[in-house]
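Please read the structure below before turning to the comments.
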Amino acid sequence: MEDAKMGNAATIRAVLAILQWWGFNVTVIIINKWIFQKLEFKFPLTVSCVHFICSSIGAYIAIKVLKTKPLIEVASEDLWRRIFPMSFVFCINIVLGNVSLRYIPVSFMQTIKSFTPATTVILQWLVWRKYFEWRIWASLVPIVGGILLTSVTELSFNTFGFCAAMVGCLATSTKTILAESLLHGYKFDSINTVYYMAPFATMILSVPAMVLEGSGVVSWLYTYESVGPALAIIVTSGVLAFCLNFSIFYVIHSTTAVTFNVAGNLKVAVAVLVSWMIFRNPISAMNAVGCAVTLVGCTFYGYVRHLISQHQAAVATGGGGPRTPRGRLEMLPLTAEKQGDKI
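In terms of UniProt numbering, the sequence shown opens at residue 1 and continues consecutively.
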């Protein structure tokens, strides 16, 4: 009886964690698109900079003031040798996501982001010469096929936005791979990640934002009719971006790896549906099919990865069959069991 109650409580906690993660993620995406499209604030570098500033402040308050999570101490020499390179890639990743949002619909951008597992595997194979089981390669087929179908049938296709989103996938994969070596020995959660990387990202992005968009922002401030409410929306998007990171920390500790993977792919479907209801961007039937195929492929990839990791764990503890020689077969290093969108 007691076990049943504990199981029900855990299920309710997991459902609530997933719902609030979905809520923050979809809200951040929709607000960012609203900023670029409805507020005519077409400055993705500045928006990203606002996000980093809000996240830096939020992480400081969460760790130093509210003490919701203990600070992971980092050696001073590692701040520049390890954290700074990760922050640079982290910055590129977020900026390209916002750049793509300015030029292409949310539905198309979210579908392209689902290409990240494929770019991660391909990068590791080409650059790091790592080998993967045939099941991993097979699971990428529907992802690649779905992306191709979605791109060919996208009615609001924009070359620059598409390229930004694709390079953003490469940046995400690079961040994932580099974290294996650069952050070795540091078990960062999403809050500590933001605490260390957001200030560096702000420093990296502030000068390019001022040089490339400064005059445009000043002109917008003088010409836009309702500056006050618009600025409030922009700052709110930054606050929600930090809340999204906090929600990722909560959902990771409330769900299993498989549940997290499935929930992440359903989150994309929810974002696509909500964005279509708000912005009414045209979506053809074949485009919707391509998006669905991509999400099914991502779910299949996550399932295959989970099966292989379970087998490797069993072999490591002596409960499995013959072990595949290391170096001939590698699983994804950091894309390990649970990972989310870090803003």
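Positions of the beta carbon are idealized from the N, C-alpha and C atoms, including for glycine.
**OP:** Within its chain, find whatever has a CB closer than 8 Å to the CB of Leu123; leave out the 5 residues flanking it on each side and keep chain order.
**Re:** Hits under 8 Å: Leu170, Ser173, Thr174 and Ile177.
**OP:** Counting only the same chain and skipping the five closest in sequence on each side, list residues whose C-beta sits under 6 Å from that of Asn261.
**Re:** For Asn261, where only same-chain residues beyond five positions count, the Cβ hits under 6 Å are Gly302.
Original post:
On the three-state DSSP scale, how would you describe Phe279?
Top reply: If DSSP states are grouped into helix, strand and coil, Phe279 belongs with the helices.
**OP:** Label Val211 either buried or exposed according to how many other C-beta atoms from any shown protein chain fall within 10 Å of its C-beta, with 16 as the threshold for buried.
**Re:** In the assembly as shown, Val211 is an exposed residue. Its beta-carbon has fewer than 16 other beta-carbons within 10 Å.
Subject >> Other residues of its chain near Cys291: CB distance less than 6 Å, five sequence neighbours each side excluded >> reply: Cβ-Cβ distances below 6 Å link Cys291 to Thr111 and Thr150 in the same chain, with the five nearest sequence neighbours on each side left out; the list follows chain order.
Subject >> Environment of Ser226 [buried if 16+ CB atoms lie within 10 Å] >> reply: With fewer than 16 other CB atoms across the displayed protein chains lying within 10 angstroms of its CB, Ser226 is exposed.
Subject >> As assigned by DSSP and simplified to three states, the class of Thr11 >> reply: DSSP places Thr11 in the helix class (H, G or I) of the three-state scheme.
**OP:** Take every Cβ of the region 145-162, pair it with every Cβ of the region 94-112, and state whether three or more of those distances are shorter than 8 Å.
**Re:** Contact check between the region 145-162 and the region 94-112: three or more CB pairs, one atom from each, fall below 8 Å, which counts as touching.
**OP:** Assign Ser219 to one of two classes, buried (16 or more other C-beta atoms within 10 Å of its C-beta) or exposed (fewer than that).
**Re:** It is exposed - the Cβ of Ser219 has fewer than 16 other Cβ atoms within 10 Å.
Subject >> Residue of Lys42, Gly264 and Asn192 minimising C-alpha distance to Ser56 >> reply: The option with the nearest alpha carbon to Ser56 is Asn192.
**OP:** Use the C-beta contact count for Tyr196: other C-beta atoms within 10 angstroms, 16 or more gives buried, fewer gives exposed.
**Re:** Classification of Tyr196: buried, given that the 10 Å Cβ count is 16 or more.
Original post:
So what does DSSP say about Thr68, is it helix, strand or coil?
Top reply: Here Thr68 carries a coil assignment [DSSP, helix/strand/coil].
**OP:** Ignore the nearest five residues each way along the sequence and tell me which others in Asn32's own chain have a CB closer than 8 Å to its CB.
**Re:** Within the same chain, Asn32 has close Cβ partners Val47, Asn98, Leu101 and Ser237.
Original post:
Roughly how many angstroms separate the alpha carbons of Ile53 and Thr202, rounded to a whole number?
Top reply: Between Ile53 and Thr202, the alpha-carbon positions lie close to 6 Å from each other.
Original post:
How many Å lie between Trp22 and Val268 at the Cα?
Top reply: Looking at the two C-alpha atoms, the distance is approximately 9 Å.
Original post:
Does the region 24-44 come within contact of the region 73-92, defined as at least 3 CB pairs closer than 8 Å?
Top reply: These segments do not touch.
Original post:
Are the beta-carbon atoms belonging to Pro142 and Val296 less than 9 Å from one another?
Top reply: Going by C-beta atoms, Pro142 is nearer than 9 Å to Val296.
**OP:** Give the single residue among Asn25, Ala75, Thr256 and Ala59 whose Cα lies nearest to the Cα of Ala10.
**Re:** Among Asn25, Ala75, Thr256 and Ala59, the Cα nearest to that of Ala10 is on Thr256.
Original post:
Using CA coordinates, which residue listed in Phe132, Gly228 and Ile233 is at the minimum distance from Lys35?
Top reply: Residue identity check: residue 35 is Ile in the sequence provided, not Lys. Distances from the alpha-carbon of Ile35 to those of Phe132, Gly228 and Ile233 put Ile233 closest.
Subject >> Pick from Val304, Leu182, Leu231 and Ser156 that is closest to Phe41, judged by C-alpha positions >> reply: Phe41 has its Cα closest to that of Leu231, out of Val304, Leu182, Leu231 and Ser156.
Original post:
How about Pro208 and Leu45: are their beta carbons less than 9 Å apart?
Top reply: For Pro208 and Leu45, yes; Cβs fall inside 9 Å.
Original post:
Leu205: buried (16+ other C-beta within 10 angstroms of its C-beta) or exposed?
Top reply: In the assembly as shown, Leu205 is a buried residue. Its beta-carbon has 16 or more other beta-carbons within 10 Å.
Subject >> Cα-Cα separation between Thr317 and Gln310, rounded to whole angstroms >> reply: Between Thr317 and Gln310, the alpha-carbon positions lie close to 11 Å from each other.
Original post:
Do you know offhand how far Thr68's Cα is from Val194's?
Top reply: Linking Thr68 to Val194 through their CA atoms gives a straight-line distance of about 14 Å.
**OP:** Identify, in the order they occur along the chain, each residue of the same chain with its Cβ nearer than 6 Å to the Cβ of Arg135, setting aside the five sequence neighbours on each side.
**Re:** Excluding positions up to five away in sequence, the list reads Val304.
Subject >> His51 burial status per 10 Å Cβ neighbour count (16 or more: buried) >> reply: The residue in question, His51, is buried, as its Cβ has 16 or more Cβ neighbours within 10 Å.
Subject >> Collapsed DSSP secondary structure at Val167 in the structure displayed >> reply: In the three-state scheme derived from DSSP, where H, G and I count as helix and E and B as strand, Val167 is classed as helix.
Original post:
Excluding five sequence neighbours on each side, which residues of the same chain lie with their C-beta closer than 6 Å to the C-beta of Pro117?
Top reply: So the qualifying residues of the chain are Tyr301.
Subject >> Closest Cα partner of Leu182 within the set Leu96, Lys64 and Glu77 >> reply: For Leu182, the nearest C-alpha among the options comes from Glu77.
Original post:
Where Gly146 and Val15 are concerned, what is the direct C-alpha to C-alpha distance, given to the nearest angstrom?
Top reply: Taking the CA atoms as reference points, Gly146 sits about 28 Å from Val15.
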